[in-house]
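Participant: Residue 351 is where the sequence shown ends in the working numbering, and the numbering goes up by one at each step.
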Amino acid sequence: YNVEKVIPFDAIFKDLPVFDQVNANIQEQLKEADSRLEIAKDSTELIPGLKLILHRCVLYLGCTQKYKSIMTRTNANNFISDFKLSLQYISNAIKLLPTLGESFFQRSLVELQCKHVGLTVYDLLRASLASIPSAQALNSYQSIMLNPENPVNNKLKNLIATIYIDSISNPDKLVNREIIEYFLLAIIGSKISPASWVDSNKRHNLQGSKISLKQLEMMFFEKIATRYIKNMELILKNLLTLFSTFQMQVIQWEKTANVRNIELTRLENYDISLLKFIFKYIGIVIDKVILKGWDKELSSFEYLGMVKIIFLWLQTNKFALEYSQSDPLF
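1) Taking just the CA atoms, how far does T141 sit from K244?
2) When the Cα of E323 is compared with those of Y249, L263 and N290, which residue comes out closest?
3) Residues bridged to S233 by DSSP?
4) Under a three-way DSSP split, which group does N279 fall into?
5) Considering I115, what are the terminal residues of the alpha helix (DSSP H) in which it resides?
6) Is S102 closer than 8 Å to I115 when the C-beta atoms are compared?
7) Quick check on the burial criterion: 16 or more other C-beta atoms within 10 angstroms. Buried or exposed for R224?
8) Spatial neighbours of K235 within its chain, please: C-beta separation below 7 Å, excluding the five flanking residues on both sides.
9) Can you say whether R287 is buried or exposed, counting buried as having 16 or more other CB atoms within 10 angstroms of its CB?
10) Going residue by residue through the region 186-213, where are the continuous alpha helix (DSSP H) segments of at least 4 residues, counting only ones entirely within it?
11) When you compare the region 280-298 with the region 333-342, are there three or more beta-carbon pairs, one atom per stretch, that lie closer than 8 Å?
12) What does I153 pair with, by DSSP beta-bridge criteria?
13) Excluding the 5 residues flanking P38 on each side, which residues of the same chain have their C-beta closer than 8 Å to its C-beta?
14) Thinking just about the alpha-carbon of each residue, which of D55, A54 and K72 is nearest to the one in K62?
15) For the region 125-177, list the alpha helix (DSSP H) runs that are entirely contained and at least 4 residues long, ordered along the chain.
16) Which of the three DSSP states is assigned to V219 in this structure?
Spelled out as structure tokens, the structure:
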């Protein structure tokens, strides 16, 4: 079949080793005679199924490659670079059908293998809020963020405490990315699930440590304001994580997926607390990151990309627009 008119073949399959090999064989055959059936743009019943079949092929090749990478490693510590090919397959599957949450869920499993819990939560939220969501992703998100008995939740709290102490005792140690990625989860967790993240005896401390959540927040914002150049993708994903967390929060408590028209007065106190933090994040990112770097780092799309995303969020959520009008920093 010739699918070039309905699927951006080069964008989806280019540079994937298995398809380079197959494509070379096909091109050799086509030199003799092109007997392929052409799929036209008006084949509306055929195209969705065709895209789904190709999506499954690419996604499952990515999953297979992930397990292959795990089994061939002797070191217990996994790194994102170890899963480069697997992530390439999965990312291309996302390009082909971004409406399917399953692809984001599979990417989150790779990120979890590498202990990138911030990226894991980001992709679990994307998978849970996709047009065709993944139930597994939602369960995993709730387990990590809302369940204090979950091993990942406990390890993450211990890791955050260790990173904070290390950065105080050894200021020259470079843990900027870790602070920007992990500390946000503790701050979010303290607002949406205090029982999982906040010390029951000392209400302002991270659970299981003597560290104040305010201290974590101050260090988090300090790193964003001063160490943003090499972490722009992560700062953008943090913004989307915050928006998605709020979306998920309101869906769960308001029992409705239609959160766009919810008025500010209908939100609970913990929703307002999260909203206040989101606008603090937005304000600092605009002031300390975007205004300082958008016309200097011209190779990075994230600066102006975040501005666009912020305004789209305000335009499509009544509560956010109402709150923005009363927020002095914004």
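Ideal Cβ placement from N, Cα and C applies to all residues, glycine included.
Facilitator: According to the structure data:
1) Mapped onto the sequence shown, residue 244 falls at position 223. Mapped onto the sequence shown, residue 141 falls at position 120. Approximately 21 Å, taken between the alpha carbons.
2) Along the sequence shown, read from residue 1 onward, the residue named residue 323 stands at position 302. Comparing Cα positions, the closest option is Y249.
3) Taking the first residue of the sequence shown as 1, we reach residue 233 at position 212. S233 is bridged to N226.
4) Taking the first residue of the sequence shown as position 1, residue 279 is located at position 258. Coil.
5) On the sequence shown, position 94 is the one that residue 115 refers to. Segment K105 to L117, the alpha helix (DSSP H) holding I115.
6) By one-based count along the sequence shown, residue 115 stands at place 94. By one-based count along the sequence shown, residue 102 stands at place 81. No, the pair does not count as a contact, with Cβ atoms beyond the cut-off.
7) Within the sequence shown, the letter at position 203 stands for residue 224. Its Cβ having fewer than 16 others within 10 Å, R224 is exposed.
8) The residue labelled residue 235 in the question sits at position 214 within the sequence shown. Excluding positions up to five away in sequence, the list reads H225.
9) Sequence index remark: in the sequence shown, residue 287 carries index 266 (1-based). Flag for R287 reads exposed.
10) 197-213
11) yes
12) Looking up residue 153 in the sequence shown gives position 132. For I153, which the question treats as bridged, DSSP gives the partners L121.
13) Working through the sequence shown from its first residue, we reach residue 38 at position 17. Cβ neighbours of P38 beyond the five flanking positions: L106.
14) The residue you call residue 62 lines up with position 41 of the sequence shown. Measuring from the Cα of K62, the nearest candidate turns out to be K72.
15) 138-149 and 156-167
16) Residue mapping note: residue 219 aligns to position 198 of the sequence shown, counting from 1. Correct three-state label for V219: strand.
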